[in-house]
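Following: one structure in structure tokens, then a few remarks.
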């Protein structure tokens, strides 16, 4: 086998071995720096990359200004790549094309003639067809370039020179923005409004202590050439402060409708960099894939201006469709901002203030160098005019010396050596502060000009005299020379003042900036929307009516109400949900999909869940266990749910606990419930939450106790806001407030100290008053509440309800399976904290009351025993008995079993349901009714029991 390796000794003399790792590292660094400095990143001073700068400089050298005729693009491109930019012609032409597009640059720098592409990405015509010239505003970029205002460097073959930066009068980096990808870094700076940027620059020059937030009063956000809506400023503020951030841009839309209820969305402006054809295509895809519903067709009628028509189905919500379009198409985009630019040939990320400071520094240097140049030119000219004035004063001697000289060189030397009388010039020459003649150039030696009482010509002056035409010898020409000299003297003095005064220099820059603003400034195109929020799931959900069902086993779901179509009488109805044989629907609520559901647990906590976050299921589905949707603790269960449409300040949540306490809290206190839940009510050890209901603040509340008593009272509290404010609502003086409210005498109310000031007073009696029969005052969210029912020892509240005038009966059930219906009107309205009135008698037979529900004829109830067995029965099968009666048998229980729950069944269809009543219920019912007959004396006795207040 031959060895193909080459030894170090066998290498040619001109080949040097190197380590490949070192060579790669060195070569890559050189490449990276070349891309960073010479290709991809703009200079902070003029906002131009090298290819842009060289293209504009080529047009400048070709005198291709805005007021001259257009040149073929190929002519300009050829000049650029031939003299200044040794790269491909396509890259140069693409650069020129972009500078001519009014949808790419906020203020185009090139005036193009021909097809230069469009928003949809169609390319410009070939360079042999199009023509270009500088735009008028571009003239401000190259103004004063001939006055040595910027440094120049040799081109790639040392045959030409190129400016390292343009002396631009406008802050182009911000005004027209830029984008570029270098090696390991990238820049993306948005466009801005010229007037706003100029105003900010002027303000910063006048007050260098301004902060970025101060500057944002002038530059609130970018201003894109395609308009659109800038959605929010928080991210933009971060970008302006740090150099990194983003801008959210939305399409500008309007909504139009017709008399048939059909609407369409009109898109008139798109985010920067987005074309109408792209939007049309994407919307069509969304329609095909059914990711956006409600759109019937889309029509792209864009020409020079954007116009996209999106037609919607009848009665479709345009706001919901728009939110989906913003989320799923590029009608909303995030424009990344990375304000990276070259500062002294080093890439730096800059904030808004730093960019303006670098521009101001650049303009100071440019104006200073321009002034120095103008001063030099003025002095050179004045210096020659001095010579002409001296020559005219000594014209005969001048002519004699010239005539007597053999040649020009001899005449030149003789004129410089001769001391001249400067006559009239003596009154024109001014002496500067440094002792030098004001108009003498700095490079002229002191021995020239006025020296030792005479005037001596310098070399440039002698040349000017020898080149002077004879017609300058006339008196008229002498007057012109004198006047021009005086004007130059004034200019020179002004130039010197500018160079000596930072304030004058600043004023000149400000004046020029304001002139730029007046000449080229325009109105903002991108609208700033400050009242913003992220698109949430809620924004994508159509706000329609829906039905929530919660089963006894805790399964929850929602369905659109439209699935429950109205039927004629006698219809078969439809199933609302699929439930197990041992499960039934406990609750059904008609809500809006944008509503909130408050879920109250057995431990007094509240969780919040949006309706649209509940499982949306068909009628054949049972839904999901609600405990799987919330972060419940071990052995914690959902006690009740309350759907809320809005957290109205005039609505309340009314709580009842097993120890007889009640609490009323403003609904708005539960507006912000986090995922961990929120403490809804303070519960003592061994106390459970009975129920929570939404009230208006003036509803009638009914509490039922386990010993068969009922306490009905109005929740409305007549206390004035001033009086109510004196009552402690944080729970610390609840017992005192309760005692004062229940006081039978003024003395008791005084001693109770209801206002919590530390001592009893007559104010306590005035605040609450003896025999106060009002309702429940609103208290804090974490308070325990006040006593709602005065319970007998060993008993507790088992039910709380808000009286519904559409439900005429109260059905009460006891643990031994007995119960009855009694008219609601039989229960007198009492005060809070009363013992209540008799609701059902016969505790020895019936056992304790386990619950009460409000019902109407035709309703059904479910009864559940402690073995988990569920029985469903019709309310009509339960006799209507006065509240003094003992009731009838509802369910026959085996030995050892107790009834633990009674619930009203929410009907889910229109057809009659057969109740699951035991076969012997009818006979028991008849016997029980007979046994409930009471004498007048018994009734009188019961009335006496009810007399407590």
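Residue numbers (the working numbering): 59 to 1007.
Here a beta-carbon is modelled for each residue, glycine too, at the ideal position from N, C-alpha and C.
Quantities reported herein were computed from a predicted structural model and do not represent experimental measurements.
Just checking my contact of residue 584 with residue 280 at CB under 8 Å: how many whole Å lie between their CB atoms?
7 Å
Entirely within the segment 284-340 and at least 3 residues each: give me those beta strand (DSSP E) ranges in chain order.
287-289, 302-308, 310-315, 321-327
Cβ atoms of residue 186 and residue 142: under 8 Å apart, would you say?
no
Determine the burial state of residue 72: buried for a count of at least 16 other Cβ atoms within 10 Å of its Cβ, exposed for fewer.
exposed
Do residue 713 and residue 836 have their C-beta atoms within less than 8 Å of each other?
no
What three-state label does DSSP hand residue 471 in the structure shown?
helix
Confirm, please, whether the CB-CB distance from residue 960 to residue 896 is below 8 Å.
no
Could you check whether residue 324 and residue 355 sit closer than 8 Å to each other, using their CB atoms as the reference points?
no
With a threshold of 8 Å, are at least 3 pairs of Cβ atoms found where one atom belongs to the segment 189-197 and the other to the segment 153-173?
yes
Along the chain, where does the beta strand (DSSP E) that runs through residue 758 open and close?
758-763
So which of 479, 84, 208, 616 has the shortest CA-CA distance to residue 679?
616
Please classify residue 944: is it buried, with 16 or more other beta-carbons within 10 angstroms of its beta-carbon, or exposed?
buried
If you compare alpha carbons, which of 159, 469, 194, 374 is closest to residue 524?
469
Where does residue 274 sit, in a helix, a strand or coil, going by DSSP?
coil
Quick one, are the C-beta atoms of residue 400 and residue 104 less than 8 Å apart?
no
First and last residue of the uninterrupted beta strand (DSSP E) at residue 859
855-860
In chain order, what residues of the same chain have a beta carbon less than 6 Å from the beta carbon of residue 579, not counting five sequence neighbours either side?
252, 253
Close-in-space but distant-in-sequence residues of the same chain around residue 107 (CB under 6 Å, 5 per side omitted)
100
Report the residue from 515, 435, 537 whose alpha carbon sits nearest the alpha carbon of residue 549.
435
Between residue 487 and residue 508, which are expected to be in contact by the criterion C-beta below 8 Å, what is the C-beta distance as a whole number of angstroms?
7 Å
Where does residue 86 land, buried or exposed, given buried means 16+ other C-beta within 10 angstroms?
exposed
Does the beta-carbon of residue 457 have 16 or more other beta-carbons within 10 angstroms, so that it is buried, or is it exposed?
exposed
What's the gap between the Cα of residue 986 and the Cα of residue 922?
Summary for residue 986: the model assigns pLDDT 42, below 50, so the residue's position carries little reliability; its value from the coordinates is reported in the next sentence. Spanning the two alpha carbons is a distance of roughly 21 Å.
Would you say the segment 271-287 touches the segment 302-321, given that touching needs at least three Cβ pairs under 8 Å?
yes
Spatial distance of residue 877 from residue 868 (CA atoms):
10 Å
Helix, strand or coil for residue 513 per DSSP?
strand
Taking 8 Å as the cut-off, decide whether the C-beta atoms of residue 848 and residue 910 are in contact.
no
DSSP three-state call for residue 169: helix, strand or coil?
strand
Only counting the same chain, and skipping five residues up and downstream in sequence, which positions put a Cβ closer than 8 Å to that of residue 438?
499, 518
Grouping DSSP H, G and I as helix and E and B as strand, with all else coil, what is residue 70?
coil
In angstroms with no decimal places, state the Cα-to-Cα distance between residue 146 and residue 179.
21 Å
Looking at C-beta atoms only, is the number of pairs between the segment 691-709 and the segment 751-762 that lie closer than 8 Å three or more?
yes
I think residue 473 touches residue 515, with their Cβ atoms under 8 Å apart; what is that distance to the nearest whole Å?
6 Å
When burial is assigned at 16 or more other CB atoms within 10 Å of the CB, is residue 78 buried or exposed?
exposed
Is residue 721 helix, strand or coil by DSSP?
strand
Environment of residue 495 [buried if 16+ CB atoms lie within 10 Å]:
buried
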